[in-house]
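As given, the protein sequences belong to chains A and B, one line each in that order. In terms of the numbering used here, the first sequence has 111 at position 111, counting the first letter as 1, and numbering is strictly consecutive. Just add 192 to the spot in the second sequence (first one is 1) and you have the numbering used here. A virtual CB, placed ideally from N, CA and C, is assigned to each residue, including glycine.
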Amino acid sequence: MASQTTTDEQITQLVQKGDNQAFGFLVEKYEASIKRYARKFTQDPETINDITQTVFLKAFSHINSFNAKLKFSSWLYRIAHNELVNFLKKKKELPLFDFDTFWPHSAPGKKELENETEKIMMRETFEKCLAKIPAKYKEVINFYYLEDLSYEEIANILRIPISTIGVRLKRGKTILRKLCHTTKIYGTTNKK
Amino acid sequence: MEQPIKNNFIAQKVMDKIKTDKIKIKPKLYFIFRTAVYFGLVAFCFCLAIFLASFLVFATKINQFSFLLLFLLCWALLLVIGGTFLAKKFSFFYKKPLAISLIIFIGATLISSAIVLRTTLHNELLERSQKNNWPILSPLYRSGCGCQDHCGIK
Chain A
1 MASQTTTDEQ
11 ITQLVQKGDN
21 QAFGFLVEKY
31 EASIKRYARK
41 FTQDPETIND
51 ITQTVFLKAF
61 SHINSFNAKL
71 KFSSWLYRIA
81 HNELVNFLKK
91 KKELPLFDFD
101 TFWPHSAPGK
111 KELENETEKI
121 MMRETFEKCL
131 AKIPAKYKEV
141 INFYYLEDLS
151 YEEIANILRI
161 PISTIGVRLK
171 RGKTILRKLC
181 HTTKIYGTTN
191 KK
Chain B
193 MEQPIKNNFI
203 AQKVMDKIKT
213 DKIKIKPKLY
223 FIFRTAVYFG
233 LVAFCFCLAI
243 FLASFLVFAT
253 KINQFSFLLL
263 FLLCWALLLV
273 IGGTFLAKKF
283 SFFYKKPLAI
293 SLIIFIGATL
303 ISSAIVLRTT
313 LHNELLERSQ
323 KNNWPILSPL
333 YRSGCGCQDH
343 CGIK
């Protein structure tokens, strides 16, 4: 029987054994996170709700593929990532092939990206300018700065090399700085 | 004990679908089978690439390099690339850049082909394909080796 002190992984084991109602704990716990993630890619509330619902329904139907020794949240984000990729492909917002994951990179050191003050500033900057950033940078910035996941966790969600994550974070930050700096100088457009 | 769903639209909809059996849990066997199929496909691509690569070298020793052998070389490369993309499903490969995975695959194919060439596999297949009329193999060895019967065999 699931309770507030049961871990996510223990709850999934209950669901795998047949306690379908226990899945409700997981839906309640992660609904806001998944919606927040989806909101980075679309502002339409109906689309966000549809994607969120689909993510949880897929998670339920595929629960037997989850290994309880791993983190449930990473697995759920993986499903959400796949749904958002399908959504973006329909809108033709994703390239056919991403060369970021092809070549090895010497990733920027983690110290460069883990300063706490910088993290807080990045979160605020990201929220202001996220609509203009390409999807592949949005994801890693969202997971690293807003969801506070590690490189390893992000690599498992996105199924890309860890070095690519460091490179995307660095490039994403550069783009954000340029965009937000421009917005600050020129203000918002079409003001009347 | 039933989990009380708070005033939560998405959670309510999801749990309603689960309660009314509109969505069912896929059995574990389905995922085991799917993983086995993926693994089988990767292994098939790899094995076929090794066979083609070793056949190319074997045939070139008997006959001149021909258009057919060039065609088979392209197929071997496609199989290696296809196998690498399929293998991206597994963490050992997706944690590495694609270029490194390709190098590993190509390297493994070349080393394995060299090992196969040291065996009598191709000689035996050539002999048997000439005695019997096997589909695919007989025309492959005849055209690739450029002979009709009893060639390349001592």
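Where does residue i sit, in a helix, a strand or coil, going by DSSP?
| i | result |
| --- | --- |
| Ala68(A) | coil |
| Ile217(B) | coil |
| Lys91(A) | coil |
| Arg198(A) | With chain A covering 1 to 192 only, the question about residue 198(A) has no answer from this structure. |
| Asn255(B) | coil |
| Trp103(A) | coil |
| Asp8(A) | helix |
| Ile133(A) | coil |
| Ile210(B) | helix |
| Leu149(A) | coil |
| Leu334(B) | Reading off the sequence, residue 334(B) comes out as Arg, not Leu. Helix, per DSSP. |
| Gly18(A) | coil |
| Ile160(A) | coil |
| Arg177(A) | helix |
For residue i, return the contacting residues in chain B, with the cut-off set at a CB-CB distance below 7 Å.
| i | result |
| --- | --- |
| Ser65(A) | Phe223 |
| Trp103(A) | Pro289 and Ala291 |
| Leu57(A) | Val206, Lys209 and Ile215 |
| Thr52(A) | Ile202 |
| Ala155(A) | Lys287 |
| His62(A) | Lys218 |
For chain E, check one thing: does any of its Cβ atoms lie closer than 9 Å to the Cβ of residue i?
| i | result |
| --- | --- |
| Leu88(A) | In summary, chain E is missing from the structure at hand, where the protein chains are A and B. |
Against residue i, what residues of chain A qualify as contacts under a CB-to-CB distance less than 8 Å, listed in chain order?
| i | result |
| --- | --- |
| Lys280(B) | Arg159 |
Report the neighbours of residue i on chain B: residues whose CB is nearer than 8 Å to its CB, in chain order.
| i | result |
| --- | --- |
| Asn49(A) | Phe201 and Ile202 |
Give the residues of chain B in contact with residue i, contact being defined as C-beta atoms less than 9 Å apart.
| i | result |
| --- | --- |
| Asn20(A) | Met207, Ile210, Lys211 and Ile217 |
| Phe23(A) | Gln195, Val206, Met207 and Ile210 |
**Asked** Can you list the alpha helix (DSSP H) stretches of 4 or more residues lying completely in the region 273-330 of chain B, in chain order?
**Response** 283-286, 290-309 and 313-323
**Request:** Check each residue of the region 283-312 of chain B: if its Cβ is closer than 7 Å to any Cβ of chain A, include it; give the result in chain order.
**Result:** Tyr286, Lys287, Lys288, Pro289, Leu290, Ala291 and Ile292
**Message:** Within 8 Å, do at least three Cβ pairs link the region 311-319 of chain B to the region 289-298 of chain B?
**Reply:** no
**Request:** Closer than 7 Å, Cβ to Cβ, to anything on chain B: give me those residues from the region 27-43 of chain A, in chain order.
**Result:** Val27, Glu28 and Glu31
**Ordered list of alpha helix (DSSP H) runs contained in the region 24-82 of chain A, each at least 4 residues** = 45-61
**Message:** Taking beta-carbon pairs under 8 Å, can you tell me which members of the region 197-220 of chain B lie near chain A?
**Reply:** Ile197, Lys198, Asn200, Phe201, Ile202, Ala203, Lys205, Val206, Met207, Lys209, Ile210, Lys211, Ile215, Lys216, Ile217, Lys218, Pro219 and Lys220
**Message:** Which residues of the region 115-127 of chain A have a Cβ closer than 8 Å to any Cβ of chain B? Give them in chain order.
**Reply:** none
**Residues, ordered as in the chain, of the region 162-178 of chain A that lie near chain B by beta-carbon distance below 8 Å** = Ile162, Ser163 and Thr164
**Request:** Please confirm if the region 226-243 of chain B is in contact with the region 78-91 of chain A, defined as three or more CB-CB distances below 8 Å between the two stretches.
**Result:** no
**Request:** Kindly confirm or deny that the region 206-218 of chain B and the region 50-63 of chain A touch, where touching means at least three C-beta pairs closer than 8 Å.
**Result:** yes
**Prompt:** Pairing CB atoms from the region 128-148 of chain A with CB atoms from the region 36-48 of chain A, are three or more of them under 8 Å?
**Reply:** yes
**Message:** Quick check for students: name the residue ranges of the alpha helix (DSSP H) that lie wholly in the region 217-247 of chain B, counting only runs of 4 or more.
**Reply:** none
**Asked** For the region 126-136 of chain A against the region 165-184 of chain A, are there 3 or more C-beta pairs whose distance is under 8 Å?
**Response** yes
**Item:** Any 3 or more C-beta pairs closer than 8 Å across the region 240-255 of chain B and the region 115-122 of chain A
**Value:** no
**Prompt:** Taking contact to mean at least 3 C-beta pairs separated by less than 8 Å, is the region 74-84 of chain A in contact with the region 152-163 of chain A?
**Reply:** yes
**Message:** Any contact between the region 13-30 of chain A and the region 202-211 of chain B? By contact I mean 3 or more CB pairs, one from each, below 8 Å.
**Reply:** yes
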